[in-house]
Every structure is written in C-alpha cells, then in structure tokens.
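These notes concern the structure reproduced below.
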Amino acid sequence: MDLVIGPLDLPAHVDEALAVQAVAFGLGPDEVAVRRQIVLRHMTSPGARAYGATVGERLVGFVYGMPNDRSHWWSTVVEPYLRSNGNDVWLDDSFVITELHVHPAHQNRGAGRALITTITDTAAQPRSILSAIDTESPARALYHSLGYQDLARRVLFPSAPRPYAVMGAPLPLRRA
Ligand SMILES: CC(C)(COP(=O)(O)OP(=O)(O)OC[C@H]1O[C@@H](n2cnc3c(N)ncnc32)[C@H](O)[C@@H]1OP(=O)(O)O)[C@@H](O)C(=O)NCCC(=O)NCCS
C-alpha cells in the first residue's frame, strides 16, 4: 500500500503518534505518559499543526510544530545558547519543528523528508528551527540535506541525558 502524507488531527490520534515515537525514538511508558500531556498542551498553541504519514489506516509517521514563541519552555532553554553565538534572531518569525518520527519499519522511504517539507511549506514564517540529539544521526543528515545549519551545539535540556544541537534553515526548505 502507498504512503500518504496529509494533515493529522494529532489530539485525536495522540496515542497512535506516541506509539510511533516510542519505537522510533525509544520512549518508555512513563515518558509516553509525560509526552502525551505535553503534546496535547502544545496543540492548543496558536498556529500549532501536525501532518501524518499513513499506510492504509495505519499511522506510520508524524510531524508537528508551531510558530516559535520566546515564552515557550523550549525557546527559553535554547535562547542563551543562541544569544551567545549571535543567533537568537532565529527565535523570531520562525516555525519550530517540535517532533518528527517515522516508524522504523517505514524509514528510508521518503516519509520523513515529505513530512517536514509539507509542514514547513504551510508556514508563513521565513525560517524554521528545531533541536536534534547532537550526534551524526539519520535525523541530522536529513536536516542538513534540507538546508538546516547548526546554530548551537552541546545544548543541555534539563532532564535530557544527551546534549542537543539547535538547527535553523531558511524556508522553503531546500529540495534535492
Ligand atoms: C529522522 C527520521 C524521521 C527520518 O525519517 P525517514 O522517513 O527515514 O527519512 P527519509 O526516508 O525521508 O530520508 C531522508 C534523509 O534522511 C537521511 N537518512 C535516512 N536514513 C538514514 C540513515 N540510516 N543514515 C544516514 N542518513 C539517513 C538521508 O539524508 C535521507 O536522504 P536521502 O534519501 O536523500 O539519502 C527517522 O529516521 C526517525 O524517525 N528517526 C528516529 C527518531 C528521530 O530521531 N527523530 C528526529 C528527532 S529530532
């Protein structure tokens, strides 16, 4: 069956989405329960939206994001790192990719690239920012290929064991 990318009512499908994230990113049941509340709260933010990748009736990937708001927790954590590099202008007029995950059984078929380009194509902002674990992962390779560049490295989020890189790209994202 074909992979279909389209708008996702994320609050209505939060458990399916978190089941994808749990296996793609490695979340335990306690982390899923915490993320569930965070996702539902995020989706009430102005301009928040989500897209899903489905095969038949099955959700196999999703992305969500929103216009950045400097008062949001994520933005307050990354702001000092970006300010120290002179990059904090990236926090204004920017569309944040909050989560992007594709089920491992469906990776490497273009779903991740299609999800992030589709959601950012709907953004009115001239740029996009995100954070990714600071290692040379498939996610970082995808983001680099779309034009995201490192704005800060070794960024520490409270309670996250591993450092993150903050990345930014002009919109629309670069096409292959
Ligand atoms: C990152 C992720 C969403 C990509 O989804 P995907 O559907 O596999 O991605 P695509 O098939 O669209 O691949 C796009 C690009 O990703 C990169 N990529 C994908 N798999 C890769 C791998 N195993 N090694 C290196 N790069 C890889 C390549 O740059 C690829 O571009 P190409 O097809 O032109 O070579 C997916 O790997 C994933 O869910 N990872 C685990 C969760 C995660 O890390 N999420 C991001 C949190 S910041």
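The sequence shown begins at 89 in my numbering and counts up one residue at a time.
Note that the Cβ used here is the ideal one computed from N, Cα and C, for glycine as well.
Report the option in 227, 143, 128, 233 whose CA atom is closest to the CA atom of residue 194.
The candidate whose alpha carbon is nearest that of residue 194 is 143.
Using beta-carbon positions only, say whether residue 174 and residue 216 come within less than 8 angstroms of one another.
In this structure, residue 216 does not lie closer than 8 angstroms to residue 174 by Cβ.
In whole angstroms, what is the alpha-carbon distance linking residue 122 and residue 247?
Near 12 angstroms, if we compare the C-alpha coordinates of residue 247 and residue 122.
For residue 233, which residues of its own chain have a beta-carbon under 6 angstroms away from its beta-carbon, when the five flanking residues on both sides are left out?
Excluding positions up to five away in sequence, the list is empty.
Could you check if residue 230 belongs to the surroundings of ligand 1, using beta carbon to heavy atom distance under 7 angstroms?
Yes, the beta carbon of residue 230 sits closer than 7 angstroms to at least one heavy atom of ligand 1.
What's the C-alpha gap between residue 183 and residue 98?
Rounded to the nearest angstrom, the two C-alpha atoms are 18 angstroms apart.
Between the Cα of residue 264 and those of 128, 202, 114, 94, spot the shortest distance and give me the residue it belongs to.
Cα-wise, what sits closest to residue 264 is 202.
For residue 213, name the three-state secondary structure that DSSP assigns.
Coil.
If you compare alpha carbons, which of 92, 245, 157, 135 is closest to residue 148?
Of 92, 245, 157, 135, the residue nearest in Cα terms is 92.
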